[in-house]
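Notes follow once the structure below has been shown.
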Amino acid sequence: MSDQYAIGTPGTPWGDSEKSEWLQQQTKQRSYERDVVDVIESLKKHFDVTQYGTLDYAQFGFEDYPLYVVKTRNWQKGRPVVLVTGGVHGYETSGVHGALRFLQAKAAEYERYFNVVVAPCISPWGYETINRWNPKTIDPNRSFKEQSGVPETAQLMAYIANLNEPVLAHIDLHETTDTDNSEFRPALAARDGVIHDNWDIPDGFYLVGNSVNPEIAFQQAVLDSVATVTHIADADQHGCLIGEPIAERGLIFYKAQEYGLCMGFTNARYVTTTEVYPDSEQATPEECILAQVAAVTGGFDYVARAL
Ligand SMILES: [Zn+2]
Numbered sequence: 001m002s003d004q005y006a007i008g009t010p011g012t013p014w015g016d017s018e019k020s021e022w023l024q025q026q027t028k029q030r031s032y033e034r035d036v037v038d039v040i041e042s043l044k045k046h047f048d049v050t051q052y053g054t055l056d057y058a059q060f061g062f063e064d065y066p067l068y069v070v071k072t073r074n075w076q077k078g079r080p081v082v083l084v085t086g087g088v089h090g091y092e093t094s095g096v097h098g099a100l101r102f103l104q105a106k107a108a109e110y111e112r113y114f115n116v117v118v119a120p121c122i123s124p125w126g127y128e129t130i131n132r133w134n135p136k137t138i139d140p141n142r143s144f145k146e147q148s149g150v151p152e153t154a155q156l157m158a159y160i161a162n163l164n165e166p167v168l169a170h171i172d173l174h175e176t177t178d179t180d181n182s183e184f185r186p187a188l189a190a191r192d193g194v195i196h197d198n199w200d201i202p203d204g205f206y207l208v209g210n211s212v213n214p215e216i217a218f219q220q221a222v223l224d225s226v227a228t229v230t231h232i233a234d235a236d237q238h239g240c241l242i243g244e245p246i247a248e249r250g251l252i253f254y255k256a257q258e259y260g261l262c263m264g265f266t267n268a269r270y271v272t273t274t275e276v277y278p279d280s281e282q283a284t285p286e287e288c289i290l291a292q293v294a295a296v297t298g299g300f301d302y303v304a305r306a307l
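And the structure:
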């Protein structure tokens, strides 16, 4: 089989030795400190910055990564809380930089409607090593469940729970990349000792909503806003995006809570997951960042009108 993964035996799930073999192959390729923490530092003039946790990854030969949320300063009890999350999958670059850009360029405009909280980079180790998993071969975006014990997710969930205010809207920023098919899905199949049917990577932006809470008009408002920046993905010949039948153009639904997806953990009324396609010949890295920002503003504008 041509797409056999380099680690493990086909049909046999990985044990500890295969997982540590995988970890040994991972290297730092970019700097969380310089690309993310320095930008967060520069935001302190206008926003409140809180460290909500740490990833203790010096034990694996990397670093201990501080985890930050950025909040609008004029936080008022009783005003709706809205949340933006980026870098749940650290390799998905525009999710991290889209969250930071939203803070730099737009977040202050929403202060009069909402208490805004942004977690720009939930998986800094994944950001630095360009990975979907954490060092223990765990996908954080399947781990937003109570008592998951996954440090990327558990610490954020605890922090948001301790705000002790309901979250009205949550937009989780992601990408679907060509490396999903060339690296990350083959790695997942190898880890679990199974075979995956590959699907075509959609060329364009799409959304994954929560099937138990669709809020179609909200999703459409996000898509309309993004369409002013970049193209929306068409369904494949089966009427699907990543194997899932579309509900509308550029929109599919997953069961967020059942799968442990980030968008499900707050039980917010308005939730969605953005999927930018950074490998498109029609989109630059800057356009991908702007598409993420447009998704957030399109969604929050809709929610503000609905207040
Ligand atoms: Zn993702």
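When we follow our numbering, the leftmost residue of the sequence shown carries the number 1, and every step to the right adds one.
Yeah, the Cβ is synthetic: ideal placement off N, Cα and C, and Gly gets one too.
Have a look at residue 200 and residue 66 and give me their C-alpha separation to the nearest angstrom.
36 Å
Could you check whether residue 167 and residue 261 sit closer than 8 Å to each other, using their CB atoms as the reference points?
8 Å or more divides the Cβ of residue 261 from the Cβ of residue 167.
Where are the alpha helix (DSSP H) runs, 4 residues long or more, that stay fully inside the segment 231-280, in chain order?
256-259
Measuring alpha carbon to alpha carbon, tell me which residue in 178, 253 and 11 is nearest residue 92.
Among 178, 253 and 11, the Cα nearest to that of residue 92 is on 178.
Quick check: the segment 289-301 against the segment 151-168, are there 3 or more CB pairs under 8 Å?
no
For residue 286 and residue 231, I'd like the C-alpha separation in whole angstroms.
Cα-Cα distance, rounded: 14 Å.
By a C-beta neighbour count over all protein chains shown, 10 Å radius and 16 as the cutoff for buried, is residue 307 buried or exposed?
Looking at its Cβ environment, which holds fewer than 16 other Cβ atoms inside 10 Å, residue 307 is exposed.
Quick one: what does DSSP say residue 2 is sitting in, helix, strand or coil?
Confidence is the limiting factor: at residue 2 the pLDDT is only 47, short of 50, which leaves the residue's position unreliable and the question unanswerable from this model.
Out of 52, 210, 130 and 146, point me to the one whose CA is closest to residue 117's CA.
52
Ignore the nearest five residues each way along the sequence and tell me which others in residue 142's own chain have a CB closer than 8 Å to its CB.
These residues qualify, in order along the chain: 259, 260 and 261.
How big is the Cα-Cα spacing for residue 129 and residue 90?
8 Å
Closer than 8 Å by C-beta to residue 2: which residues in its own chain qualify, once you throw out the five before and the five after it? Chain order, please.
Confidence at residue 2 is low in this model, with a pLDDT of 47, below 50, so its placement is unreliable and the value that follows should be read with caution. Result list for residue 2: empty, nothing under 8 Å.
Quick check on the contact list: which residues have their beta carbon closer than 6 Å to a heavy atom of ligand 1?
Residues with a Cβ closer than 6 Å to any heavy atom of ligand 1, in chain order: 89, 92, 141 and 174.
Per DSSP, residue 50 is paired with what?
69
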